[in-house]
Every structure is written in C-alpha cells, then in structure tokens.
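Protein chains: 4
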Amino acid sequence: MDKRTHYKIFTDPIHGFISVPKGIVLKLVDHPYVQRLRRIRQLGLGYLVFPGSEHSRFSHAIGALGLMQRAINSLREKDTTITRAEHEAVLIGILLHDIGHGPFSHTLEQTIIRDFHHEMMTLALMRKLNEEFDGGLSTAIDIFTGQHPKTFLHQLISSQLDMDRLDYLRRDSVYTGVNEGSIGIDRIIKTMRVFQGNVVIEGKGIYAVENYITARRLMYMQVYQHKTVLSGDKLLASIFRRVRDIHTEGGTVPMPSPALGFFLKTYPSAKKGLTSRITENYLRIDDNDVLLSIKCWQDAKDPILADLSNRFLNRRFFRTTFVKKRISANEQNILIEKTRKALKDARLPHDEKSASYYLFFDELVNEAYRYESEGIWILQDHNTAIEFSRASETGNISALTKAVVKPYIVHLKDLVL
Amino acid sequence: MDKRTHYKIFTDPIHGFISVPKGIVLKLVDHPYVQRLRRIRQLGLGYLVFPGSEHSRFSHAIGALGLMQRAINSLREKDTTITRAEHEAVLIGILLHDIGHGPFSHTLEQTIIRDFHHEMMTLALMRKLNEEFDGGLSTAIDIFTGQHPKTFLHQLISSQLDMDRLDYLRRDSVYTGVNEGSIGIDRIIKTMRVFQGNVVIEGKGIYAVENYITARRLMYMQVYQHKTVLSGDKLLASIFRRVRDIHTEGGTVPMPSPALGFFLKTYPSAKKGLTSRITENYLRIDDNDVLLSIKCWQDAKDPILADLSNRFLNRRFFRTTFVKKRISANEQNILIEKTRKALKDARLPHDEKSASYYLFFDELVNEAYRYESEGIWILQDHNTAIEFSRASETGNISALTKAVVKPYIVHLKDLVL
Amino acid sequence: MDKRTHYKIFTDPIHGFISVPKGIVLKLVDHPYVQRLRRIRQLGLGYLVFPGSEHSRFSHAIGALGLMQRAINSLREKDTTITRAEHEAVLIGILLHDIGHGPFSHTLEQTIIRDFHHEMMTLALMRKLNEEFDGGLSTAIDIFTGQHPKTFLHQLISSQLDMDRLDYLRRDSVYTGVNEGSIGIDRIIKTMRVFQGNVVIEGKGIYAVENYITARRLMYMQVYQHKTVLSGDKLLASIFRRVRDIHTEGGTVPMPSPALGFFLKTYPSAKKGLTSRITENYLRIDDNDVLLSIKCWQDAKDPILADLSNRFLNRRFFRTTFVKKRISANEQNILIEKTRKALKDARLPHDEKSASYYLFFDELVNEAYRYESEGIWILQDHNTAIEFSRASETGNISALTKAVVKPYIVHLKDLVL
Amino acid sequence: MDKRTHYKIFTDPIHGFISVPKGIVLKLVDHPYVQRLRRIRQLGLGYLVFPGSEHSRFSHAIGALGLMQRAINSLREKDTTITRAEHEAVLIGILLHDIGHGPFSHTLEQTIIRDFHHEMMTLALMRKLNEEFDGGLSTAIDIFTGQHPKTFLHQLISSQLDMDRLDYLRRDSVYTGVNEGSIGIDRIIKTMRVFQGNVVIEGKGIYAVENYITARRLMYMQVYQHKTVLSGDKLLASIFRRVRDIHTEGGTVPMPSPALGFFLKTYPSAKKGLTSRITENYLRIDDNDVLLSIKCWQDAKDPILADLSNRFLNRRFFRTTFVKKRISANEQNILIEKTRKALKDARLPHDEKSASYYLFFDELVNEAYRYESEGIWILQDHNTAIEFSRASETGNISALTKAVVKPYIVHLKDLVL
C-alpha cells in the first residue's frame, strides 16, 4: 500500500510542509468548527497596524499541529514512549486548543457573554465533537484537561513552552515583520526531553529559552500591546456596549447578523454553563459578522453608534497614552469634562454616559515569564532539573519575572491631557 | 524641522520598512476606498488551499508602493530625472492600481455586473478621488492611462515587469510557502534603466528576468490555477448565479448585505458606464458580504442554494479534472446525465438547469510571457535594446511565449468521468 | 539507553540541524581525508567575486549528507525498503563523493597531474579507507560505482537530481547572495519516489524540477562561469605552468610546500594509475599550499613568475571577453603580437612563449540539462514515467537541453581587441 | 554622465547589494592590506565547530561598510549634516577598522609579539596608507581616533552599538546557523539619531536594543566562547609556545613561512612601537602560514610539537570543563601530576614543563553590556536622553550589566577531574 495516502500535506510559510494524518485528525481539520477559525484573525485588530499580519487562527492551528509532529519525533528519538493513540490524541488536542475563540477574541469575549472565558467554549466544543466522533476524542480531552497520566503530553499543548506559543510567537513575528521576535524553535524542540514525567530542556538549550523569553516580551511590547491596537480594542468594545445599551434603553439597531444580534440583545451569562442556544449562535459568528454589522451601523440613527462605527471603519481611532501612575478620581473627572466638551463641539450627545464611550482608564500587566505555577525546567545533569530563572547565570531572568504594570488612558485625539 | 514627520513607516514581512510620504499619499492610504482593500483577499479562494495566504489587496498595494520607492531611487541614481510631482504621482498610481477590485475578484466581476471589468471601476474611482482632492491626482491619472509624456512611469505601474507584478509574485510566493516562485526583485530593480524613454533591463540582468518569467509560470501552475481554486471559483459563481436565477424566477432570498443584494437583484450592466448607484453599492461590498451571505444561505429554502452554500462553507468542493482535448457535445451530454442522476440520488432537484450548477466545461490559457504588445527589453550595449525573448541565449524563452491551452471539467467528486 | 548518543548534531546555515550517526560515519567525518576538505574552498576562486562565498568542500559534504538523511526518510515514508546497512552506506557515499578534489579543483587538476581526473582519486581514497575500516565501506563503494543492485541509491549520490547538486546549488546560491538560484529542495525531496527501481519525481513535482533546471542554468551563468572567475582560473594555471616550465628549463623556484613541489617538479602522470607517492603528496596539499606558495613567488627571480604571482595577490587580473565566434588563427596572431608589445612596454620578457602566459583562447559549453544519458523522469500515473523534457508542457525545457557554446578570450586589460 | 560608474556593487548574503564608491574607498578595498583580510577567518577556530562559518574578516569589513552607508542615509533623512568628505572618511574608517588583525587573532596576538594589541597595528597601517594616499585618510584617522569634532561619526565606527558589531553579530549568527543571535539591524538603524552630538536611539527602538543586548550575550555563550573553540585556542597557543621554546633552548624547527618564522624566532616586543620589520612581516602572515606550518610540524623531530600539531590537524582536541570556583594551587598540582602520568603513558616527555603544554587554568569574563564608559542612550522626548539600562522598564537589563566570571580548565580528554 502507498503510505502517501496516509497524509495530506499543507504548505506553510513558517514551517514548510506539514503532514496531517488522514483519519480523524484530517476530518477534524475539515470540520466546520475548525474551518470557522479561517474567518477569525489571529491578531484581532493587529492587522490595522501591521498590514501583513492578516493571518487567521486556522493557519496558527495547522502550524501548531506541525510543530507537535516535530516535537513527538524529537522526543521519540530520545526514547520517550508515545503510543500511536497518544500521538493522534495530542495532535487533536493542539489542533483544537483554540477552537472556542470568538471574533476579535480578547476584546469581545466579555462584551457579548457575561462570566465567560473562551476556554469554556473550547472544552464544550471538544465534548460535542467527542460525541459526534463516538468517543474518538476522549484521550485528547484527557490530555487537554491534564487528566492523562503522561503529564508531558499536556505540557506540549499548554505550558510556558508549548507548541501553541512556539507557533504563534514565530508566526506573528514573521507576519508583522517584527523580526526581533524570532525564536529558535528548532533548537528548543531539539533540546526538549521528558524527565521524571515532565517536559524539560537540556542544559545546552538554556540560551534558546532565554532568547525565547526575551522575544516573547518584545512581541508583547511591540505588537500585542501596541498603542493603536489597545485603542482599537476600546473602540470596538464601545461599539458593542453602545448597541447593548440602546437595546436596554428600548431602542433597536439593525442586525445584519442574527447570531450576533442574539448576543447583543440578550447578553446571556455563562455562569450556569453554556446553553445550546449560546453555543449554536456562537459558532455562527466570526470576524465577518462583526465587520459587516459595523459597516451597517455607520448609518444608524443613534448618533453615537454611527460616529463610533464610522471612526472604526475610517481609522479615526482614539489615542493611547501611557502614564506613570494610576489616574486619580479627580484627574479622571477633569478628563471626563474635557471629553464632554469635545463631544459637544462635535454636536454629539455629551452627557456623562456618552463620554464613557470615548474615554477609558485601564492598565497593562506584562509578565514575560511566570515561574510560580509551573515554569520552564532545565536539566542540569542526568539527575536533576532546576527551574529556569534559577538556572540562568545572570540575574536578568529573575528580573524578567517581575510583572510590569503600566496604566494608560484611551481618549479622543485632540484632548489635551 | 524634523524630517521624520515627512513619512509614516509601515512594517512589511516582504520588504521590511516602507516609507509612505505624508500629505496626499498618506491621506489616500487612509481613505475608505483604499481601506476597503483590507477586506478583500489578494488570492481570492487561494487561502483554502494555502492556509498561510490570507493577505489582502491592501497589503499588496502598500508593498507595491514600497517597491516603487526603490525603483525611483534606483533610476535617479542612474541620472534619470523624476520630478517631485512625478514621484508623488507614480506612488499614487501604484497605490490605487487595484482600487476597483471587488471581492473574489476574477470570479465575481462578471457574476454581479454585466459587461464589466474592474479596471473601469479603478479609473472611475481615481476620477472621483481627483475631484475630492481638487485635481491632486491629475498627473497620477495621466500616468496610469498612459497619457503622460514619460512613458517609463506608466511602465513602472503597468507592463510585463511592473511593481505590481514584482510585489504580488514575491508576496504570494512567501505567503503560500511555494518558494519556487521566488524572484530576484533586488537585482531586477538594480538593473533597470530608462533608455530612449522606456524601462529596459541592463544586459547583466537578463538571467534575473529569465528567472522571473519562469517563477511567474510556476506560480500560475501551482497557485493561481490550482485545481481546488478553480473548482472553488466555479462553486462560488454557481451560488451567485443561483441567487440571481431565483430572483428572475420571482422568488426571494434573504439578503444580509443590502449592497450585494442590489447587484444580485438587478444584475446591472456597465455597458453605458458606471452609474453612481453601481459605484456606491460596489464600494460597500467586500469579502465579508459574500461570506456572511453564504453563511445565511445555508438555511435557504431553495434546496440547491442551500446545498451549494453548505458545500462552500464545509469544503465539500467539486473536483477539477484536466483533459487532453476539448469535451465534445456528446461527451458533455453523458456527463450532464450522470450529474442529474447524482443529484437525484441526493434528493435534490435534477432537471438540466439544476445540473448546470454542478458541472462546468472550461479551459485555461497560460502564457508565461507575451512579447507582441510590449515585451521586456534588454539593453545590449549603450546604443541598442532588444526584446527579451530574442536576447536570450537559448531558445527556451521563445518557447515560453507560446500559450498553453488546458481544457478542464469541474464536476461532482463521485462522478466517474 | 539514550538515543542522543547515537548522533552528533551539526548546525548548518542552509539546512539547520544535521544529525550524523556515530560509528563509522562520524569516524569518517573526523578522518584527516575528510577534514582536509575544510581547507579547500567549494567555489575555487569564486570568493574573489562574491565576498561571502568562502565556504569549503567540507561544509558542502556535511550539507549533502543532511539532505541524504531527508531523502531516505522521505522514500521510506513511501514504503521503499532501505536497510540499515544501505542507509549507512549511502550516507558514506555522499559524504565521500568529493574526497578526491584538490585545491582550486577544476583549474589545477590538469596542471599538476597528467591524465588525471579527481574522480580517480575519490575512488582510490575510498578503497584506502575501506582497508583501514576493515571492509566497512564495501557497500558504499558498490553504490558509488553503480554496482549495487538498488540503482536508486546510486542515483541519490550521482545523477541529474542528486543530493550533491541539490546541496551545492542552494548553498552556493545563499553564500554568493545570488538568490535567483534558489531551488525548492523540500518539494523535490518530498515528491521523489522509487519507481521500477529508479528515482523519479511525482507529477506534481514537475514545476519544482523545471525551476531547478532554470536555477542551475542561472548559477552557471552568474557564478560558476563569471568572467572574473574565468580569468582568475587562467592566471592561476599560468602561474603553475610557469613554475613547471622553469624547472623543465633547469631553473629552480623556492617551494614552501614540499608536497606541491613534488607535483610541479615531476609533473607525474596518472595514466598507469595512482602511485602511493602521488596519493600521499596529493593528500597533503590544499588551498593553503597554493596561496602560500604564490605569496612566496611574488619575490621570485623569474620576472614572469613574480609578475603573475603579484597580479594574483593584488587582484590585477586579466580580462575575459566573450566573442561571437571562434577566433581565427590570424586574429590570434594579431593578439599575440599586441600582448608581446604590452609585455615589452612593461619591461617583461616578451617572446612568444612569455606571451602564452598572458593570453588564452577558450570556450564554455553550458548545458543546463542533459537527457540522453540518464535524464530526470516524471511519474505520470501509477504505471508510467516519462523523461522530463518530454513531460514538460511547453517546449522551453527541450530548448534548455541544447548546449550553448560561448568562445572567449582572456587577455591583458589594456589590450585593444 | 552615468552614475553607475560611481559605484562598484558587491553582492552579500547578509545585506544584499552593497555599493562601494569608486575613488579612494574602492582603491583601499583592492589594496593588499585589505585583501589580506580575505585570508584571515573572522571566527578564528569557530569553523571547527560550526562548519558553515568559514567567512573572512574581508567579508565582514565589506558588510560593515554596507551598514555604514545605510546609517548615513538614515541620519541624513533626519536632517543630520554629514558632508561628502565626512561620508567618505567614515566609510574608510569602518572599512579599515580591523586591518591590524593577524591570523586567529585573539589567540595569537600575544603569542607572536610581546606587549601588542591589534589596534596598535590598525592605526599604524592607517597612517602608512595615509602617506601612500597623500593625506587622503587624515579625516578618517581623526574620526577613528576620536579627534574629529563630530563625535557621532566615531561612535558609528566604535561604540556599544557600532556598525562593526551590528554586522558581525548578524553575520556570525547566519553563518553559524545559530539563529537565536539574530538582531533587528533595520530597526536599530532606522531609530538612530544624533542628539547633542551623540548617537542615540529613539524611544521606540528600546526593545530592539534590548534584543540586541540579549542576542550578543547568546552569541558569546554559544559561539565565541564555545568549549571547543576555547580548547582549540589553547592548543594553538601551545603549538606556538613550543616552537618558541625550542628556539630558546637552542633547537630548530622547519619554517615554511619565513615571516611567521621571524616572529617565533625573535619574539619581538611592541613596547617601543612597531618597527618596520615587525610591520612588514606581520603583513605577510595570514591563516595559511599558520595552517601550513602546523601541517609541516606534524613531522617535527620534537615529540611534543609533533603531537600537538597532529592533534590540531586531526581534531584530537583537549576538553574544556567549567568549574564553579577558581582551582586552588593544590588542585592544580594534582591535575599536573595526572597530566604527567598521561604523557608518560603516551610515551611523551612528561616533565612539568611538558605538562604545561597540555593543561590550562583560565577564566571567562562575559559582560553583555557595559554602561560605565559610554553606554547606549535612549531618547526619551525631544529634550532628554537617558542611559539604556536605566531606561529599561524591568530590572533585567541592569542585571545583564553585571559581569559573569566563569573559571575553566582545558585538559586532556581522558583526564579524570
């Protein structure tokens, strides 16, 4: 028999050829739940700052699967036993790890469902798929939830040094053109081993890990928390909050996407679990629903909604300003008044609530590396592994473990702070 | 004064930093007409085959502008005079060269407007912008339409070796991961000169041109005319034709995008020019309108429309089969009958018209290099330039100039040909 | 046991990590015969034109071995049986395929030994190693000489599409910066199969092969047969011929390298095989012997030798001029006279023999692809393979098979032709 | 006139096309002093560990010149005035900045001349060239020695962030394949400005600088101070010390390179300046002299010299072991005895002096970033610049400024420590 028929080959700009095994893994790739990820951008609003970074969560999922194939090969070469069933399960786990994301994920999650986190949805969808595939995902779910005895398989999917992060840091770095963020994927995977049941890095890989931590920090600073991305996120959240508020106040807004309408009109809570109505509607929305709705709302009767939507589409964004310390209540009030004045000048409603769509006080927390919970472990010799920030020669890594808090204001561009 | 303020810098994965001059050029970049291109994928359905290639026409437009900056610098270094006004105009020309494209361009153009070609729209939009900017685009339009006395400026925007093609071949090659398509952009630009008013390539650049022609051919074969892309295009066209047909037959279909609805309900003609109604609605549609509509039509009452939409979203595509020679009428009839039988088995309408949404006979024409009209010219010495296919040492390039015609059938996967 | 200890990892700029199996393969890598290749530049005088291309035959040998590992994996995935012993043997074969090269190989081979070709030396050294390793290279030698029953193993080492060429084309392309020469190694290896005992390329790989042929042609034109390389080669050959001639005439020349001295003083013939004296001395010379000798000969008493050596070290090279057709005897005489005049003006000996060190008539033969002997075969369907130039859609490839002959003259720079 | 004739174009794998202005700059490139750098490897013995890194100091010099061209352009775009003469001078300065290096530089400097540092030679050679070029290098020398009023020009040649380091970190990273060492050259150059007469980095470039510092640290750890490189350096030094000692003891050693012989026989001092005899002989030696001599000494009568030379050529290197703290005199004595025992077993002379060629105690000092003397300065706003390690948000950079001292032993492989 011809083994070619065992794999479908994808061509990827980051990792080259990626072999996806036929059978359940390929069926899952072609499943509507996964195909939906093609319509959700990986970097949310990042493409507005970095024109080349229009890649989707789907290409990231395929890429992470490709890295998992390499990691499995590398561990097997070092005599770690991974059965065929475990191999398949861990591929499924990484393929589906982001399946619960919604459009413009980190921004919108809280805006459309209360008490919700996308990981709840990921698990719910995995379970639905497990039924559909007659239990074929049981091992994958065990690995994903950390209940499989081989802990290292879980760590390959979710840890400080998992295939998810290795893929997205490299992918986002290439697509944005921010090459400072490049990381030595090959070396990290090549120096991975299983030691006492856990993924560790061999001693000679320590500099690659140090570089990875620094690269991650740089990507946060230059891409994920870029000022324009932060202000775009606030604008997007304002638009959705405004739609919800109009409904609460008894008004109506045209809804080109019924599924998105469901969330904005009812604002359901996930506290008691995900109802099938939530899940079904959630599966129907993607970036297209959001963008088409905003296009439509440019012509809304509500002047604030129309203004916000118009700003979004024509890039008249707010401005982000970082400040040294948190804004006091008094300073906040002064800015609120200034914002109201600016709205008045623009002949827009300018009560305090209206101003709340145009002014935000928030803060970033950036921690390049967190060691308390799990950390990255470095093999020192054949008998011991020590936590990375203690293995590093200089103190610079333990310095990186300290969280940096940066307060910021998002405000109208003309506002004098 | 600080010259930094003269440019906005974009970061691009293909060309690195790209400087866009502030003033009219940056204003055009931020204009809704150009921003719309962010929502139209460069490769149409190509992303369904090459997961990494989800880039938009916007990133291509910025990239081509970046190359134009380099080409201008290179020609100036060789003492070609290009005034500041011409520099600005040629940047505008390349930035806007694709502004008239609609979503999934080559597929849908004919399906939504009769007697239409996207270049008509490009020119119409340039003229609208020229009014808006008080004549600021007049020189750009002259260059674009070939009426400016310096012919070489037009050739940099549109010829066998223009910045448009240099950018998209390289960009599409990188994003798809089809590295065979790489071309030596730097060498081509470095060996460009103006000779007797035309862009020519210095003798030592001839191998770079030969490589460019071959690379282009490979990109056609492996990407632009990939079998799955061809069959996806037919499926998309069928969906739109089906919607139009339902309306013609007096039925109705839900229209989440009013602008797209305008075209499908009225199927206007561009024969007598582009009315403002056509233009306004055209500017409102992008990939999102198409994809959201198809998502909606999955639940259409019309069984064929629902089936086609469902196929599109869940990747149950048709199959493309290349054949040695054109299909005879007799063979066509046999395949039509087989298609009707398959539709009947699937409990779908199976009259001859219904079959026409599921079966297509077409052919590709692939010409890697066309020399009759314009060609690429190679400088032989300081006095003469000769056409490229005659300058090449071997006969292989003149062989490439011969068009290859490849007939093909797009059909249901299970159909036995 | 720990499999890590089975391999030594080399880091390579072209192919990333390369695993060399411990045991005989690694022992051969560390053997003086192979280490000698570190001191012989891959591109001969090419580094004088492309400053970045200073890589050695050793790095090429390791790179080709890395590709062989990948090719073996790829063929095994397609169910071709390759035993462990064959795997080891084919790695040895590719590692040693260039072991018989001398310094500045193609130039000097004929200049230091009569009736010699480096492949004779390669085989002789393999046999010596086979004795040293108690028959451990027997299978490798069988494969190398085409006597092993599995023909495809020989083809992986030596054919139109072997690992040798795949590595050096890519490596030379990267190191010279001539990116037009890039080839799709991954795709070629991925589409390789064994069919009826021979290496063939699957149908979908045909464009990658077409690209490879074109890339190879470009590398010949832009790098391997670069004008300055051609003239440098002639200068080098002149230097060595001059030393030989001085000895023939009864003079002496200082010899900092005794091994090189052996060849220049005795000019042995390989017609009756390679004596142990030839082999031993041959193994002792590398680029260093040549360059150090030339440095020394700058101060030689013989004015021609001193002048030629000085020219070589200070880059006062001859000039290469391509001409449309072969130079007639009459034209040659005119150029000889002009050369003698120039030598006289430079107060150098200027008899006819002296002129012969300064003037050369030669021709290039460039054949991008030769199909008569073996050719590249493309799998059409599961039953047939056809030769590549017939499988290609356009006639451009068969055009490439026609050899191009280009006569040229190498002469003093000031000479008016 | 044709501006093409103003430049000679070099093709470089790292930076693409590099334009070298004709006139004095190109004449210096072709000068024997600079051409000599072609025969000196940039990474000394690094090529023995990283087979791809066989590049020379010449390609680095050309690359650094290419970066200087870009830096000058970037600063001029920001309205810094740099005259034509200063432009030429700073190109000359960077081209010649390493001209005084000898073969295997850091190892051999002290071994062949007492009280010598290669920068003394660099300046001496610049002055010789200045005479030869009738004062054409005066401004270049002023910039190089820090006496030109525009301090920033000196800083572009020599500071914590000069074109020398930017080139070699990137070049060495690519050629070794250690991609973790990649740095964002483009961003660093793009964010450079002159502020109050000094080179500073704009605020938005701070992450690129952070990345550069980390990358540099990694290159030290993984490449420049690789264990095998350290032990190879010691072996090389031993060989030369042994030759010197044989002479001191009244013996003789064959000297294929008279120039190298001069140094080893006389061991001159540079305390009172560089005599013309020192300079002339120094200019005659390069990697070839060293390697050819060692090949010759394999057959030396002195058993230690023969053994050391044989070890070097056949890669029977010593082993490097890092230790936690400095070795006490007592521990040293134990190791000396063990070494003597091993030499005895190998039937080599085994007195204490003999052992000193086979055992070394040394330490590394690695400081990724030093801020006391000069530091890198970051522009905070339009009025102030602050030193980098204070500008960084986290404490990790100030941690990097602490020097790390690592003691190590180089010893025979079989020695049990």
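Chains as they are written, first to last, in the numbering used here: chain A, 1 to 417; chain B, 1001 to 1417; chain C, 2001 to 2417; chain D, 3001 to 3417. Here a beta-carbon is modelled for each residue, glycine too, at the ideal position from N, C-alpha and C.
1) Could you tell me whether the stretch 2244-2260 of chain C touches the stretch 2219-2235 of chain C, using the rule of 3 or more Cβ pairs below 8 Å?
2) With respect to the alpha helix (DSSP H) encompassing residue 3269 of chain D, which residues constitute its N-terminal and C-terminal limits?
3) Do the stretch 3295-3315 of chain D and the stretch 3199-3216 of chain D touch if we need at least three Cβ pairs shorter than 8 Å?
4) Since residue 2289 of chain C meets chain E, which of its residues come closer than 7 Å, beta carbon to beta carbon?
5) Are the C-beta of residue 3010 of chain D and some C-beta of chain B separated by less than 9 Å?
6) So the beta strand (DSSP E) residue 22 of chain A belongs to, where does it begin and stop?
7) Please name the residues in the stretch 1185-1205 of chain B whose beta-carbon is closer than 7 Å to at least one beta-carbon of chain D, in chain order.
8) Distance, Cα to Cα, residue 2291 of chain C vs residue 2032 of chain C?
9) Grab me the residues of residue 1115 of chain B's own chain with a C-beta within less than 6 Å of its C-beta, minus the 5 sequence neighbours each way, in chain order.
10) Express the C-alpha separation of residue 414 of chain A and residue 1007 of chain B in angstroms, rounding to a whole number.
11) Would you mind reading off the limits of the beta strand (DSSP E) that contains residue 385 of chain A?
12) CA-CA distance, residue 2385 of chain C and residue 2379 of chain C?
13) Residues of chain B with CB under 7 Å from residue 349 of chain A, in chain order?
14) Report buried or exposed for residue 2013 of chain C, applying the criterion of at least 16 other Cβ atoms within 10 angstroms of its Cβ.
15) Can you name the residues of chain C whose CB is closer than 9 Å to the CB of residue 1231 of chain B?
16) Report yes or no: do three or more beta-carbon pairs, one from the stretch 1174-1183 of chain B and one from the stretch 2182-2198 of chain C, lie closer than 8 Å?
17) In chain D, which residues lie less than 8 Å from residue 2225 of chain C when you measure between Cβ atoms?
18) Is residue 3189 of chain D closer than 9 Å to residue 3067 of chain D when the C-beta atoms are compared?
19) In three-state terms, what does DSSP make of residue 2314 of chain C?
20) Suppose the cutoff is 7 Å on Cβ atoms and the five residues either side in sequence are ignored; what does the same chain contact list for residue 3192 of chain D look like?
21) In whole angstroms, give me the CA-to-CA distance for residue 1187 of chain B and residue 3040 of chain D.
22) In whole angstroms, what separates the C-alpha of residue 2102 of chain C from that of residue 3317 of chain D?
23) Under three-state DSSP, which class holds residue 2364 of chain C?
24) Would you call residue 3146 of chain D buried or exposed, if buried means 16 or more other Cβ atoms sit within 10 Å of its Cβ?
25) So what's residue 2421 of chain C in DSSP terms, helix, strand or just coil?
26) So for residue 2097 of chain C, helix, strand or coil by DSSP?
27) Using a Cβ-Cβ cutoff of less than 7 Å, which residues in the same chain neighbour residue 1372 of chain B once the five nearest sequence positions on both sides are dropped?
28) Should residue 343 of chain A go down as buried or exposed, given a rule of 16 or more other Cβ atoms within 10 Å for buried?
29) Are the stretch 1010-1026 of chain B and the stretch 33-52 of chain A in contact at 8 Å, needing three or more beta carbon pairs?
30) Thinking residue 303 of chain A and residue 349 of chain A are a contact (beta carbons under 8 Å), I'd like their distance in whole angstroms, please.
31) By Cβ distance, which residues of its chain are closer than 7 Å to residue 2142 of chain C, with the 5 residues on each side in sequence left out?
32) Note down the Cα distance separating residue 3023 of chain D from residue 2176 of chain C, rounded to an integer number of angstroms.
33) For a contact meaning CB atoms closer than 9 Å, what does residue 1151 of chain B contact in chain A?
34) Can you grab the Cα-Cα spacing for the pair residue 2293 of chain C / residue 1203 of chain B, in whole Å?
35) Starting from residue 7 of chain A, follow its DSSP beta bridges and name the residues at the other end.
On the basis of the coordinates in this document:
1) no
2) Locating residue 3269 of chain D in the fourth sequence gives position 269, where the first residue counts as 1. From DSSP, residue 3269 of chain D is part of no alpha helix (DSSP H); its letter is neither H nor E.
3) no
4) Of the protein chains in the structure, A, B, C and D, none is chain E.
5) Counting from one through the fourth sequence, the residue named residue 3010 of chain D turns up at place 10. With 9 Å as the cut-off, residue 3010 of chain D does not count as an interface residue toward chain B.
6) Taking the first sequence and counting its residues from 1, one reaches residue 22 of chain A at position 22. Counting along the chain, residue 22 of chain A falls outside any beta strand (DSSP E), and DSSP gives it neither H nor E.
7) 1186, 1190
8) By one-based count along the third sequence, residue 2291 of chain C stands at place 291. By one-based count along the third sequence, residue 2032 of chain C stands at place 32. When rounded, the distance between both Cα atoms is 21 Å.
9) Translated into positions along the second sequence, residue 1115 of chain B becomes position 115. Excluding positions up to five away in sequence, the list reads 1269, 1270, 1271.
10) Walking along the second sequence from the start, residue 1007 of chain B turns up at place 7. Walking along the first sequence from the start, residue 414 of chain A turns up at place 414. Each residue's Cα considered, the two are about 21 Å apart.
11) Working through the first sequence from its first residue, we reach residue 385 of chain A at position 385. The continuous beta strand (DSSP E) containing residue 385 of chain A extends over residues 385-387.
12) Within the third sequence, the letter at position 385 stands for residue 2385 of chain C. Within the third sequence, the letter at position 379 stands for residue 2379 of chain C. Cα to Cα, the separation comes out at about 4 Å.
13) Working through the first sequence from its first residue, we reach residue 349 of chain A at position 349. Result: empty, since nearest Cβ-Cβ is about 25 Å, beyond 7 Å.
14) Residue 2013 of chain C sits at position 13 when you count from the first residue of the third sequence. Buried: at least 16 other Cβ atoms inside 10 Å.
15) To locate residue 1231 of chain B, count along the second sequence from 1; it is residue 231. Ordered by position in chain C, no residue passes the 9 Å Cβ test against residue 1231 of chain B, which lies about 16 Å from the chain.
16) yes
17) Position 225 of the third sequence, counted from the start, is the residue given in the question as residue 2225 of chain C. By Cβ distance, chain D contributes nothing, its closest Cβ being about 16 Å from residue 2225 of chain C, past 8 Å.
18) Locating residue 3067 of chain D in the fourth sequence gives position 67, counting from the first residue. Locating residue 3189 of chain D in the fourth sequence gives position 189, counting from the first residue. It is a contact, given that the beta carbons lie within the stated cut-off.
19) Reading the third sequence from its first residue, position 314 is the one you call residue 2314 of chain C. If DSSP states are grouped into helix, strand and coil, residue 2314 of chain C belongs with coil.
20) Taking the first residue of the fourth sequence as position 1, residue 3192 of chain D is located at position 192. Answer for residue 3192 of chain D: 3071, 3074, 3075, 3199, 3201, listed in chain order.
21) What you label residue 1187 of chain B is simply residue 187 of the second sequence in a count that begins at 1. What you label residue 3040 of chain D is simply residue 40 of the fourth sequence in a count that begins at 1. Roughly 30 Å separates the two Cα atoms.
22) In the third sequence, residue 2102 of chain C corresponds to position 102, counting from 1. In the fourth sequence, residue 3317 of chain D corresponds to position 317, counting from 1. Answer to the nearest angstrom: the Cα atoms are 26 Å apart.
23) As a working mapping, residue 2364 of chain C is identified with position 364 in the third sequence. Here residue 2364 of chain C sits in strand by DSSP.
24) Counting from one through the fourth sequence, the residue named residue 3146 of chain D turns up at place 146. Residue 3146 of chain D comes out exposed.
25) Outside the displayed span of chain C (2001 to 2417) sits residue 2421 of chain C, for which this structure offers no information.
26) Taking the third sequence and counting its residues from 1, one reaches residue 2097 of chain C at position 97. If DSSP states are grouped into helix, strand and coil, residue 2097 of chain C belongs with coil.
27) One-based indexing of the second sequence puts residue 1372 of chain B at position 372. Summary for residue 1372 of chain B: the model assigns pLDDT 49, below 50, so the residue's position carries little reliability; its value from the coordinates is reported in the next sentence. Around residue 1372 of chain B: no qualifying Cβ.
28) For the purposes of this step, residue 343 of chain A is taken as the residue at position 343 of the first sequence. Per the 10 Å Cβ criterion, buried.
29) In this structure the stretch 1010-1026 of chain B touches the stretch 33-52 of chain A; the number of beta carbon pairs closer than 8 Å is three or more.
30) On the first sequence, residue 303 of chain A is found 303 positions in, with the first residue counted as 1. On the first sequence, residue 349 of chain A is found 349 positions in, with the first residue counted as 1. Yes, they are in contact, since the Cβ atoms of residue 303 of chain A and residue 349 of chain A sit about 6 Å apart, within 8 Å.
31) Within the third sequence, numbered from 1, the residue matching residue 2142 of chain C stands at position 142. So the list reads 2148, once near-sequence residues are dropped.
32) In the fourth sequence, the residue the question calls residue 3023 of chain D occupies position 23. In the third sequence, the residue the question calls residue 2176 of chain C occupies position 176. Near 25 Å, if we compare the C-alpha coordinates of residue 2176 of chain C and residue 3023 of chain D.
33) Within the second sequence, the letter at position 151 stands for residue 1151 of chain B. Here the premise fails: no neighbours, minimum Cβ distance about 31 Å.
34) Translated into the one-based positions of the third sequence, residue 2293 of chain C becomes position 293. Translated into the one-based positions of the second sequence, residue 1203 of chain B becomes position 203. Going from the Cα of residue 2293 of chain C to the Cα of residue 1203 of chain B covers about 38 Å.
35) Position 7 of the first sequence, counting from 1, holds the residue named residue 7 of chain A. A:21, per the DSSP bridge assignment.
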